[in-house]
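Participant:
2 protein chains.
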Amino acid sequence: MATDTSGTVKVFPEYKEGLRDLDGFSHVILVYYFHRSKNVKLTAKPYMDNCQRGIFSIRSPHRPNHIGMTLVELVKIDDDTLYIKGVDMVNETPLLDIKPYSPSFDMAVEVKTGWMEQFLNGKRSKRMTIVNSEEDWLHLK
Amino acid sequence: MATDTSGTVKVFPEYKEGLRDLDGFSHVILVYYFHRSKNVKLTAKPYMDNCQRGIFSIRSPHRPNHIGMTLVELVKIDDDTLYIKGVDMVNETPLLDIKPYSPSFDMAVEVKTGWMEQFLNGKRSKRMTIVNSEEDWLHLK
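Quick look at the structure:
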């Protein structure tokens, strides 16, 4: 997670009732549409690497169906608005779903992370593993 | 995860190239369409509880957009087929996306799980926390 970045998520009034009971969760998974990506690639260069990787082995927006998901910290809910931390989406991203995060469903132990391993275990600079916003992927910055 | 259940995921030939490099990962997140759910509810009774909860605080298929996601163990990849463990989807579920699981993006620590807590920390029977297939939700069994 991009742990320092705060943001808000607003749901349409007709879905507000669906937020009931969510405030007890410390983390939620946001499922959204990569609306700024206009093409589909089968391989792409991930932000932390320099070679082409299969699109299903990276988190690039240029994927078939353009569905993104991000784990964020839920700070509070006020009416139709979620206050969150750890945002890596661009502004105005259309939200498709919100799911409660539960380690019993969403956490794996004894994990291997393939090509990412060399970047995530500290062999390269830490900055490369933190800069993971959609804007970076899209080269908007 | 429903750790004991094995299954396969087949991608269309035109997307096969996107699987490159994925075999180094021990776990993947499957994003799919809840094709058997024909209605949208804003509250529903989760399989492990007896009262209505907001749809965004549970993992029910009857949610707006009908998008599901499940963390599974990746056993191996053979051509266009992923062999996986920990499946909780119904057969023939249409796949929307495959994402590599990485604890640095997808794992949270110091987690609170709201209404689920009483069920997940062992206060109720373990069976209730394991029976979490989509078929149970849909009352197909």
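Residue numbers (my numbering), protein chains in the order written: chain A, 1 to 141; chain B, 1 to 141. Every residue, glycine too, gets a C-beta built ideally from N, C-alpha and C. What you are looking at is a predicted structure, and each value in this text was computed from that prediction instead of being measured.
1. Does any C-beta atom of chain A lie closer than 8 Å to the C-beta of B:F34?
2. Specify the secondary structure class of A:L27 as computed by DSSP and reduced to three states.
3. Within 8 Å of any Cβ in chain B, is that where the Cβ of A:D78 sits?
4. Smallest Cα separation from A:K146: which of A:V72, A:Y47, A:Q52 and A:M48?
5. Going along the segment 33 to 64 of chain A in order, which residues come within less than 9 Å of chain B, judged by CB to CB distance?
6. Out of B:I77, B:E73, B:D80 and B:E117, point me to the one whose CA is closest to B:D88's CA.
7. Assuming A:L19 and A:V28 make a contact with CB atoms under 8 Å, what is their CB distance in whole Å?
8. Among the candidates B:L82, B:K112 and B:R59, whose CA atom is the shortest distance from the CA of A:D97?
9. What would DSSP say about B:G54, mapped onto helix, strand or coil?
10. Alpha carbons only, please: which of A:H62, A:D78, A:T43 and A:P61 is nearest the one belonging to A:K16?
11. In terms of residue numbering, what span does the beta strand (DSSP E) encompassing B:L82 cover?
Facilitator: Answer, in terms of the structure:
1. For the purposes of this step, residue 34 of chain B is identified with residue 34 of the second sequence, where counting begins at 1. Cβ-Cβ to chain A under 8 Å: no for B:F34.
2. Position 27 of the first sequence, counted from the start, is the residue given in the question as residue 27 of chain A. Note on residue identity: the sequence assigns His, not Leu, to residue 27 of chain A. A:H27 falls in the strand class under three-state DSSP.
3. The residue you call residue 78 of chain A lines up with position 78 of the first sequence. A:D78 does not count as touching chain B.
4. One cannot answer for residue 146 of chain A here, as it falls past the ends of chain A, which runs 1 to 141.
5. K41, L42, T43, Q52, R53, G54, I55, F56, S57, I58, R59, R63 and P64
6. Numbered from its first residue, the second sequence carries residue 88 of chain B at position 88. The residue with the shortest Cα to Cα distance from B:D88 is B:E73.
7. Taking the first sequence and counting its residues from 1, one reaches residue 19 of chain A at position 19. Taking the first sequence and counting its residues from 1, one reaches residue 28 of chain A at position 28. About 10 Å separates the two Cβ atoms, so there is no contact after all.
8. Taking the first residue of the first sequence as 1, we reach residue 97 of chain A at position 97. Minimum Cα distance to A:D97 is reached at B:R59.
9. Within the second sequence, residue 54 of chain B is the residue found at index 54, counting from 1. Reduced to three states, the DSSP call for B:G54 is strand.
10. On the first sequence, residue 16 of chain A is found 16 positions in, with the first residue counted as 1. Answer by Cα proximity: A:D78.
11. In the second sequence, counting from the first residue as 1, residue 82 of chain B sits at position 82. It spans T81 to K85 - the beta strand (DSSP E) in which B:L82 sits, taken as one unbroken run.
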